[in-house]
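So the sequence shown is numbered by my numbering: it starts at 1428 and just counts up by one.
Just so you know, even glycine gets a beta-carbon here, dropped at the ideal spot from N, CA and C.
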Amino acid sequence: TVSDQAFVTLATNDVYCQGALVLGQSLRNQRLTRKLVVLITPHVSSLLRVVLSRVFDEVIEVNLIDSADYIHLAFLNRPELGVTLTKLHCWTLTRYSKCVFLDADTLVLSNIDELFERGEFSAAPDPGWPDCFNSGVFVFQPSLETHGLLLQHATDHGSFDGADQGLLNSFFSSWSTADIHKHLPFIYNLSSNTAYTYSPAFKQFGSSAKVVHFLGSRKPWNYKYNPQTGSVLEEGSELVTQHQASFLKVWWGIYHGSILPLYE
Ligand code: UDP
Ligand code: MN
């Protein structure tokens, strides 16, 4: 195993922890060869910390308010960037030479170790605006210097979408033109709820998906699951595409089969 490289995710509350747990387990299911790290904030309960520690090698609490002064300042000046600044904290993991960040609402379907061959900053196009990258999956190199520059950028310019994606896109602004090796293929960040918009492409390439991203307001944990039939139930009249349904089934299969038993 390569001990100076890690997969990193973030969960600021117990709800997102459910996503982080399934993500972590999905990585373990694919011959994990790197360390597994989850960043949490003080809101996360002690029960969830215990459960997280059964899946992750490291559970690291980050508390922006208690951190260095420049972080404190950035946080105070731009309170709306709270979760965003927390994500930026991944650059402080300097005991690792290279990391892959994955949102807590992603799910890994096959081994993705080859991502560690990519350099900072690598990410896949955003399905809504492909000249921007989606910040749900990215390759980065921890560095206190970069972290400081990112926070400075946040205080100086804010974020055009109020979140980490806008900030990271304006910071790594040459992503769309500079180096094609930093464009991850879409199969490393397949948006489960937008794939249907180009269904022939999905038919052609969808089965090679390696990372699914449940981006948007409805997360897997908002659905109901029937463990007897293995079916995921939609609430209200919202339509779930066949692809979405099959990815949700994988998510719930892991949650029910591997995560719930960890609470015992
Ligand atoms: N996140 C979190 N707590 C929150 C909101 C977000 O921990 O209340 C983290 C989590 O890792 C999540 C990521 O920030 O996956 C980005 O948020 P989200 O996935 O909800 O945004 P989307 O991908 O839907 O744009
Ligand atoms: Mn996400």
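field: Short Cβ contact (8 Å threshold) for threonine 1533 with glycine 1563
entry: Here residue 1533 refers to the residue found at position 106 when the sequence shown is read from its first residue. Here residue 1563 refers to the residue found at position 136 when the sequence shown is read from its first residue. Closer than 8 Å, so yes.
field: Secondary structure, beta strand (DSSP E): runs of 3+ residues fully inside the region 1625-1684
entry: Complete beta strand (DSSP E) runs here, min 3: 1638-1640, 1651-1653 and 1658-1660.
Beta-carbon contacts of tyrosine 1443 that lie in its chain and below 7 Å, excluding the five residues immediately before and after: Residue numbering aside, residue 1443 sits at position 16 when the sequence shown is read from its first letter. Result list for tyrosine 1443: Ala1531, in chain order.
- prompt: Considering only C-alpha positions, which residue in the set Cys1526, His1584 and Pro1554 is nearest to tyrosine 1625?
  reply: In the sequence shown, counting from the first residue as 1, residue 1625 sits at position 198. The shortest Cα separation from tyrosine 1625 among Cys1526, His1584 and Pro1554 belongs to Pro1554.
- request: Find the nearest neighbour of asparagine 1490 within the set Gln1457, Tyr1690 and His1516, judged by alpha-carbon distance.
  value: Translated into positions along the sequence shown, residue 1490 becomes position 63. Comparing Cα-Cα distances from asparagine 1490 to each of Gln1457, Tyr1690 and His1516, the minimum goes to His1516.
- request: Write down the C-beta distance between tyrosine 1682 and glutamine 1445 rounded to the nearest angstrom, noting that I regard them as a contact closer than 8 Å.
  value: Against the sequence shown, residue 1682 aligns to sequence position 255. Against the sequence shown, residue 1445 aligns to sequence position 18. The pair is a contact, with the Cβ atoms about 7 Å apart (cut-off 8 Å).
field: Minimum length 4: unbroken alpha helix (DSSP H) runs contained in the region 1482-1557
entry: 1496-1504 and 1509-1515
query: Run through DSSP, which three-state label would asparagine 1620 get?
result: Walking along the sequence shown from the start, residue 1620 turns up at place 193. Three-state result, asparagine 1620: coil.
- request: Pick out whichever of Arg1461, Gly1589, Thr1439 and Gly1633 has its Cα sitting closest to the Cα of serine 1524.
  value: As a first step, residue 1524 must be located in the sequence shown, where it is residue number 97. Checking every option, the nearest Cα to that of serine 1524 belongs to Arg1461.
field: Same chain, Cβ closer than 8 Å to phenylalanine 1543, neighbours up to 5 away in sequence not counted
entry: As a position in the sequence shown, residue 1543 is number 116, starting the count at 1. Around phenylalanine 1543: Val1429, Gln1432, Arg1461, Lys1525, Val1527 and Val1566.
- request: Could you tell me the boundaries of the beta strand (DSSP E) in which glutamine 1432 lies?
  value: In the sequence shown, the residue the question calls residue 1432 occupies position 5. From DSSP, the beta strand (DSSP E) with glutamine 1432 extends over 1432-1438.
query: Can you list, in chain order, every residue whose CB sits closer than 6 Å to a heavy atom of the ligand MN?
result: Any residue whose Cβ sits closer than 6 Å to a heavy atom of the ligand MN makes the list: Asp1530, Asp1532, Gly1563, His1640 and Leu1642.
field: Distance between leucine 1437 and valine 1482 (C-alpha atoms, nearest Å)
entry: Locating residue 1482 in the sequence shown gives position 55, where the first residue counts as 1. Locating residue 1437 in the sequence shown gives position 10, where the first residue counts as 1. Between the C-alpha atoms of valine 1482 and leucine 1437 there is a straight-line separation of about 14 Å.
- prompt: Does the separation of the CB atoms of serine 1619 and glutamine 1669 fall below 8 Å?
  reply: Stepping through the sequence shown from its first residue, residue 1619 is reached at position 192. Stepping through the sequence shown from its first residue, residue 1669 is reached at position 242. In this structure, the beta-carbon distance from serine 1619 to glutamine 1669 does not fall below 8 Å.
task: May I ask whether a heavy atom of the ligand UDP can be found less than 7 Å away from the beta carbon of valine 1510?
output: Reading the sequence shown from its first residue, position 83 is the one you call residue 1510. Yes, Cβ of valine 1510 sits closer than 7 Å to a heavy atom of the ligand UDP.
field: Beta-carbon separation (whole angstroms), phenylalanine 1548 vs lysine 1609, contact threshold 8 Å
entry: Within the sequence shown, the letter at position 121 stands for residue 1548. Within the sequence shown, the letter at position 182 stands for residue 1609. Yes, they are in contact, since the Cβ atoms of phenylalanine 1548 and lysine 1609 sit about 6 Å apart, within 8 Å.
- prompt: So what's serine 1562 in DSSP terms, helix, strand or just coil?
  reply: In the sequence shown, counting from the first residue as 1, residue 1562 sits at position 135. It is a strand residue.
query: Can you find a heavy atom of the ligand UDP that lies under 7 Å from the Cβ of alanine 1438?
result: For the purposes of this step, residue 1438 is taken as residue 11 along the sequence shown, with counting starting at 1. True, at least one ligand heavy atom lies under 7 Å from that Cβ.
query: Hey, how far is the Cα of phenylalanine 1598 from the Cα of leucine 1529?
result: Walking along the sequence shown from the start, residue 1598 turns up at place 171. Walking along the sequence shown from the start, residue 1529 turns up at place 102. Their Cα atoms are separated by approximately 19 Å.
message: Taking its Cβ as the centre, do 16 or more other Cβ atoms sit within 10 Å of tryptophan 1678, making it buried, or is it exposed?
response: Your numbering for residue 1678 matches position 251 in the sequence shown. Tryptophan 1678 comes out buried.
- request: Hey, could you find the ends of the beta strand (DSSP E) valine 1464 is sitting in?
  value: Here residue 1464 refers to the residue found at position 37 when the sequence shown is read from its first residue. Its beta strand (DSSP E) spans residues 1462-1467.
- request: Note down, in chain order, each residue of its chain lying with its Cβ closer than 6 Å to the Cβ of alanine 1447, except the 5 sequence neighbours on either side.
  value: For the purposes of this step, residue 1447 is identified with residue 20 of the sequence shown, where counting begins at 1. Within the same chain, Cβ atoms closer than 6 Å to the Cβ of alanine 1447 are found at Thr1436, Ala1438, Val1465 and Ala1531, the five residues on either side in sequence being excluded.
message: Quick test of your reading: serine 1586 and threonine 1513, contact by CB under 8 Å. State the CB separation rounded to the nearest angstrom.
response: Indexing the sequence shown from 1 puts residue 1586 at position 159. Indexing the sequence shown from 1 puts residue 1513 at position 86. So it is not a contact: roughly 13 Å between Cβ atoms.
message: Less than 8 Å between the beta carbons of proline 1612 and alanine 1550, yes or no?
response: In the sequence shown, the residue the question calls residue 1612 occupies position 185. In the sequence shown, the residue the question calls residue 1550 occupies position 123. Not a contact, by the Cβ cut-off of 8 Å.
query: Of all the options Pro1654, Leu1675 and Gly1657, which has the alpha carbon lying nearest to the alpha carbon of phenylalanine 1641?
result: Here residue 1641 is taken as the residue at index 214 of the sequence shown, counted from 1. The shortest C-alpha separation from phenylalanine 1641 is found at Leu1675.
task: Could you check if leucine 1571 is buried or exposed, using at least 16 other CB atoms within 10 Å of its CB as the buried criterion?
output: Taking the first residue of the sequence shown as 1, we reach residue 1571 at position 144. Burial call: exposed.
- prompt: Cα separation between glycine 1680 and glycine 1657?
  reply: One-based indexing of the sequence shown puts residue 1680 at position 253. One-based indexing of the sequence shown puts residue 1657 at position 230. Within the model, the alpha-carbon separation for glycine 1680 versus glycine 1657 is close to 7 Å.
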